Amino acid sequence: MAGVENRLLCNCCFDEYPLAQMAQCTEAHLICVGCFTRHVEMHLGMDNTTRIICISSVSVRCEAPYHESEVRRLLPESVGLYERIRQREDIERSGLGMLEECPRCSYASIVKNDASLIRCKNRACRLVSCRECKKVDHSPRSCAAEAEREHRNGRHAVEEAMTAALVRKCPNCRRPFTKESGCNKMKCPNCWTVSCYVCRQVLTGADPYTHFTVCFFHYHVLLLA
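If you read the sequence shown in the numbering used here, its first letter stands for residue 52, the second for the next number, and so on.
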């Protein structure tokens, strides 16, 4: 009977638990460690705040907070995140600026409210990044202009990669050329060296087409075609 008497009702899910497995707000409303864990993780992970108020289903809604000691007692793995968020909140309340993380190394430092750049103080990083878009400093261009520039450069890089996949260099004189259609026997327009378009090997002999009966890469290209 003693074990039954020591179990208390969770005011959230209404199951019974030992007192040691329950959290209480500053008004002494009890919820189980499972409900408390989900509640704390939601506020820390999604809302990014340490203001965690009571969720017990009492007749009058309780706005009392859960003390930090309850987080430390029941969720020791979340204490580090809790302290980082609280540090940021303390800095913001002080009016000194805001705590910003370097987008490359995640090193946090205070940035003044009117600053447009994040200057990482990590000696191993020292990245200067845009506070708005978190990309490498692109001043004097706006974030929108930088995004458009990156889009154009990315499209250009794709086009260049596609071109590079089609271009071949003559194995003799290194003159670049492409194959528009036809077979894989290519003749350099500069030095007239004959080579295989697929494996780049120079083709010699009276009948260069015999190469394609033994070219491993040519065979697999035909299978994929």
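For each residue, glycine too, the CB sits at the ideal point set by N, CA and C.
Computed from a prediction, not measured in an experiment: that's the story for all the values here.
Beta carbon of residue i, beta carbon of residue j: below 8 Å?
i    : j    : result
A74  : E121 : yes
T244 : P222 : yes
Y133 : C76  : no
H90  : V109 : no
C61  : E78  : no
C176 : R200 : no
C266 : V249 : yes
H94  : I103 : yes
I169 : C153 : yes
K186 : E197 : yes
Let's test the definition: count the other Cβ atoms within 10 Å of the Cβ of residue i and tell me whether it reaches 16, buried, or not, exposed.
i    : result
T100 : exposed
H262 : buried
C234 : exposed
R139 : buried
E151 : buried
F87  : buried
Y68  : buried
S107 : buried
V162 : buried
S246 : buried
M237 : buried
C171 : buried
Pick out whichever of the options has its Cα sitting closest to the Cα of residue i.
i    : options                   : result
D165 : V218, C181 and F65        : C181
P240 : A215, P69, T229 and C250  : T229
L125 : C266, L70 and C153        : L70
Y158 : S167, L178, E143 and S145 : L178
Following the continuous beta strand (DSSP E) through residue i, name the residue where it begins and the one where it ends.
i    : result
E67  : E67 to P69
L59  : R58 to L60
T229 : P227 to T229
L81  : L81 to C83
V218 : V218 to K220
C247 : V245 to C247
A74  : M73 to Q75
K236 : K236 to K238
Verify the CB distance criterion: does residue i have a CB-CB separation below 8 Å to chain C?
i    : result
E128 : Here there is only one protein chain, and chain C is not present.
Self-check item: Segments of 3+ residues assigned as beta strand (DSSP E) that fall wholly inside the region 124-179
Solution: 149-152, 159-162 and 168-170
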